[in-house]
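S.K.:
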Amino acid sequence: MERDRTQTALSEAPAANAPFVSMDKGPFRDDPVPGRWWKLYDDPQLDGLIEEAFKANTDLRVAAANIDRASAMIRQAHAQGTVLANLNAGATVNRDPVAFESFQGYPLVSGGASLTYDFDVGGRIRSLTAAAGHDRDAAQAAYDLTRVNVAAGVAGAYADACAAGMLRARAQHSLGLLRRNLEFTNRLIAAGRGTPLDRDNAEVLVAQLEAQMPGFDTAQENALFRLATLLGRPPAEFPKEVQTCVQPPRVTSVLPVGDGAALLRRRPDVRAAERTVAGSLDRIGVARSELYPTVRFGASVEDVSPFKFPGTPRGLSFGLGPLLSWTFPNRKIAHAEIAAAEAERDAALARFDGVMLGALRETESALTTYAHELQRNASLREARDKAAAALSKVQRMRAAGRENALTGLDAARTLSAAEMTLATSDAALASDQVAVFLALGGGWQADGA
Numbered sequence: 382m383e384r385d386r387t388q389t390a391l392s393e394a395p396a397a398n399a400p401f402v403s404m405d406k407g408p409f410r411d412d413p414v415p416g417r418w419w420k421l422y423d424d425p426q427l428d429g430l431i432e433e434a435f436k437a438n439t440d441l442r443v444a445a446a447n448i449d450r451a452s453a454m455i456r457q458a459h460a461q462g463t464v465l466a467n468l469n470a471g472a473t474v475n476r477d478p479v480a481f482e483s484f485q486g487y488p489l490v491s492g493g494a495s496l497t498y499d500f501d502v503g504g505r506i507r508s509l510t511a512a513a514g515h516d517r518d519a520a521q522a523a524y525d526l527t528r529v530n531v532a533a534g535v536a537g538a539y540a541d542a543c544a545a546g547m548l549r550a551r552a553q554h555s556l557g558l559l560r561r562n563l564e565f566t567n568r569l570i571a572a573g574r575g576t577p578l579d580r581d582n583a584e585v586l587v588a589q590l591e592a593q594m595p596g597f598d599t600a601q602e603n604a605l606f607r608l609a610t611l612l613g614r615p616p617a618e619f620p621k622e623v624q625t626c627v628q629p630p631r632v633t634s635v636l637p638v639g640d641g642a643a644l645l646r647r648r649p650d651v652r653a654a655e656r657t658v659a660g661s662l663d664r665i666g667v668a669r670s671e672l673y674p675t676v677r678f679g680a681s682v683e684d685v686s687p688f689k690f691p692g693t694p695r696g697l698s699f700g701l702g703p704l705l706s707w708t709f710p711n712r713k714i715a716h717a718e719i720a721a722a723e724a725e726r727d728a729a730l731a732r733f734d735g736v737m738l739g740a741l742r743e744t745e746s747a748l749t750t751y752a753h754e755l756q757r758n759a760s761l762r763e764a765r766d767k768a769a770a771a772l773s774k775v776q777r778m779r780a781a782g783r784e785n786a787l788t789g790l791d792a793a794r795t796l797s798a799a800e801m802t803l804a805t806s807d808a809a810l811a812s813d814q815v816a817v818f819l820a821l822g823g824g825w826q827a828d829g830a
């Protein structure tokens, strides 16, 4: 980044470049964020999906076309500083009874050529070329941001599809527990140690959980359709192998997150905003160039002669010299354009600060959300284990006639709820990890560094 030209008080603030305040809340370290962060999952299937998306995603194709357009604008601006050539030719029918008594309407043929060169006294072409270069850099940053979003989008859709499969599998496991509880209740009723009401209550629990099963299918199918679109495929061509996934990807090691300074250097949206500031500064130079004269060096040659009369005198002419133009009445317009360009610069600087603040906030929020969900997940896992132990104990006591059906029903309900709540937390952890990597802004580096 051109800190000498685009730095703001915020970009240089110690708090914006310091370690994240959420670092001590979770398993984070300040090591550099790897470019291909999805490799941390050690999931070849996910690796392949992301690489496929990088080749076929439609948003990336649009971003690449924008880079090509910006590159063409650089060439266009640069071409304004080259020599311009002009050729002309013409023919007219003329009859002059004095000069050409025998000339009966034959045409006069003319041809000429001219060369002009703009000396760029006010630096207009130089500023235009520089601004176009910054626009291309901003387009490249937008492409990199799209890569980040595509990588995170694929990882998120993949995680959601796997999480839906996991939730369905956990629900089926809980459903098995409730059905076994129902069978156990029926056996007790048959032995004269229960009532039909006990069976009805157990059947309600089974029916309630069965009603949730279509929702898991819906969630998985929607995630698969989203994944197919990110891969540049029609929804019907979603990757069938993901449909059987029942374990969402998760990095179990300490996450490398870097610090604020590294974040601001890495995030493509920050880089794009900074390049926009640089471009706005050069456009001030374009506006200021209108205060200076336009100085061009020109040379021309022209020949006029009657057709079919080679011996007739030729009308050769040429010119060489500078052409100077300076439009005084437009100076007020030029000053207004300068003021407008300076206002756009101020707006670009404000947007730059806003993007940096947003990047820092998103990262802090993602880190603290993930850290707190980890703590919640650990507590839920402990609660699930205790609920499983309680149900096992209650079933033994009911078999011995020391507990009633209501106690067993409550224990089964508690374990089922604990299983599903834990599964939901596991799914949230997978999504939260992807959100962390998305906020950190990695994934655009072509070399995977």
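Residue numbers (our numbering): 382 to 830.
Beta carbons are placed, not taken as given, at the ideal position from N, Cα and C, and that holds for glycine.
From a predicted model like this one, the values you see are computed outputs, not experimental measurements.
I'd like to know if the segment 653-669 and the segment 715-722 are in contact, where contact means that at least 3 CB-CB pairs between them fall below 8 Å.
M.R.: Yes: at least three Cβ pairs fall under 8 Å.
S.K.: Is the segment 514-531 touching the segment 652-663 in the sense that three or more CB pairs, one from each, lie closer than 8 Å?
M.R.: Because the criterion of three Cβ pairs below 8 Å is met, the segment 652-663 and the segment 514-531 touch.
S.K.: State the start and end residues of the unbroken alpha helix (DSSP H) segment that holds residue 403.
M.R.: Looking at the DSSP string, residue 403 is not in any alpha helix (DSSP H), and its letter there is neither H nor E.
S.K.: Could you have a look at residue 662 and say whether DSSP puts it in helix, strand or coil?
M.R.: Here residue 662 sits in helix by DSSP.
S.K.: Please look up how many angstroms separate the CB atoms of residue 591 and residue 556, rounded, as I've assumed it's under 8 Å.
M.R.: 7 Å between Cβ atoms; contact.
S.K.: Reducing DSSP to helix, strand and coil, say where residue 595 ends up.
M.R.: Here residue 595 sits in helix by DSSP.
S.K.: Quick check: what's the CA-CA separation for residue 402 versus residue 410?
M.R.: Each residue's alpha carbon lies about 12 Å from the other.
S.K.: Rounded C-beta distance between residue 804 and residue 441? I'm assuming under 8 Å.
M.R.: Contact flag wrong, Cβ pair sits at about 34 Å.
S.K.: Considering only DSSP beta bridges, list what residue 409 is partnered with.
M.R.: 636.
S.K.: Taking the alpha carbon of residue 643 as the reference point, which residue from 605, 542, 400 and 527 has its own alpha carbon closest?
M.R.: Measuring from the Cα of residue 643, the nearest candidate turns out to be 400.
S.K.: Count the CB pairs spanning the segment 557-564 and the segment 581-598 that are closer than 8 Å, and state whether there are at least three.
M.R.: Cβ pair count under 8 Å is three or more, so yes.
S.K.: Provide the residue span of the alpha helix (DSSP H) that contains residue 718, from first to last.
M.R.: Residue 718 -> alpha helix (DSSP H) spans 712-780.
S.K.: Just verifying my parser: in three-state terms, what is the DSSP assignment at residue 379?
M.R.: The question about residue 379 has no answer, for the chain in this structure spans 382 to 830.
S.K.: Taking just the CA atoms, how far does residue 524 sit from residue 649?
M.R.: Cα to Cα, residue 649 sits roughly 8 Å from residue 524.
S.K.: Apart from the five residues on each side of it in sequence, which residues of its chain come closer than 8 Å, Cβ to Cβ, to residue 383?
M.R.: Here residue 383 scores only 46 on pLDDT, less than 50, and its place in the model is too uncertain to base an answer on.
S.K.: Whole angstroms is fine: what's the gap from residue 662's alpha carbon to residue 510's?
M.R.: In a straight line, the C-alpha of residue 662 is about 12 Å away from that of residue 510.
S.K.: With H, G and I counted as helix, E and B as strand and the rest as coil, what does DSSP make of residue 826?
M.R.: Coil, per DSSP.
S.K.: Measure from the alpha carbon of residue 716 to the alpha carbon of each residue in 582, 672 and 566, then state which is nearest.
M.R.: It is 672 whose Cα lies nearest to the Cα of residue 716.
S.K.: Quick one: give me the first and last residue of the alpha helix (DSSP H) that residue 398 is part of.
M.R.: From DSSP, the alpha helix (DSSP H) with residue 398 extends over 395-398.
S.K.: Applying the 10 Å Cβ sphere with the 16-neighbour rule, what's the burial state of residue 646?
M.R.: By the 10 Å Cβ count, residue 646 comes out exposed.
S.K.: Apart from the five residues just before and just after residue 670, which ones in its own chain have a Cβ nearer than 6 Å to its Cβ?
M.R.: Cβ neighbours of residue 670 beyond the five flanking positions: 503, 504 and 505.
S.K.: Report yes if the CB atom of residue 750 is closer than 8 Å to the CB atom of residue 821, and no otherwise.
M.R.: Contact: no.
S.K.: Once DSSP output is grouped into helix, strand and coil, what is the label at residue 383?
M.R.: In this predicted model, residue 383 has a pLDDT of only 46, less than 50, meaning its place in the structure is not dependable enough to derive any value.
S.K.: Got a sec? Which residues, its chain only, sit under 7 Å from residue 765 by beta carbon, not counting five neighbours each side?
M.R.: Only 799, 800 and 803 meet the Cβ criterion.
S.K.: Based on Cα-Cα distance, which residue from 615, 422 and 542 lies nearest to residue 604?
M.R.: Taking only the C-alpha atoms, the option nearest residue 604 is 542.
S.K.: Do you know how far the Cα of residue 633 is from the Cα of residue 812?
M.R.: Roughly 14 Å separates the two Cα atoms.
S.K.: Suppose the cutoff is 7 Å on Cβ atoms and the five residues either side in sequence are ignored; what does the same chain contact list for residue 446 look like?
M.R.: So no residue of the chain qualifies.
S.K.: Please report the distance separating the alpha-carbon of residue 752 from that of residue 540.
M.R.: Cα to Cα, residue 752 sits roughly 18 Å from residue 540.
S.K.: Residue 537 and residue 627 look like a contact to me (Cβ under 8 Å); what is the Cβ gap, rounded to whole Å?
M.R.: Incorrect: roughly 17 Å between the Cβ atoms, too far for contact.
S.K.: Pull up the distance between the alpha-carbon of residue 432 and that of residue 417, whole angstroms please.
M.R.: So the two alpha carbons sit approximately 10 Å from each other.
S.K.: Please check the pair residue 582 and residue 772, which I expect to be a contact at CB under 8 Å, by giving their CB distance rounded to whole angstroms.
M.R.: Contact flag wrong, Cβ pair sits at about 15 Å.
S.K.: Using the three-state DSSP reduction, which class does residue 834 fall into: helix, strand or coil?
M.R.: This structure leaves residue 834 out entirely; the chain is present only between 382 and 830.
S.K.: Would you report the Cα separation of residue 458 and residue 807, rounded to the nearest angstrom?
M.R.: Residue 458 and residue 807: Cα-Cα distance of roughly 54 Å.
S.K.: I'd like the list of long-range same chain contacts for residue 368, defined as Cβ closer than 7 Å, with 5 residues on each side in sequence excluded.
M.R.: The structure shown has nothing for residue 368, since the chain only spans 382 to 830.
S.K.: Keeping to the same chain, check which residues put their C-beta closer than 7 Å to that of residue 452; ignore five residues upstream and five downstream.
M.R.: Within the same chain, residue 452 has close Cβ partners 517.
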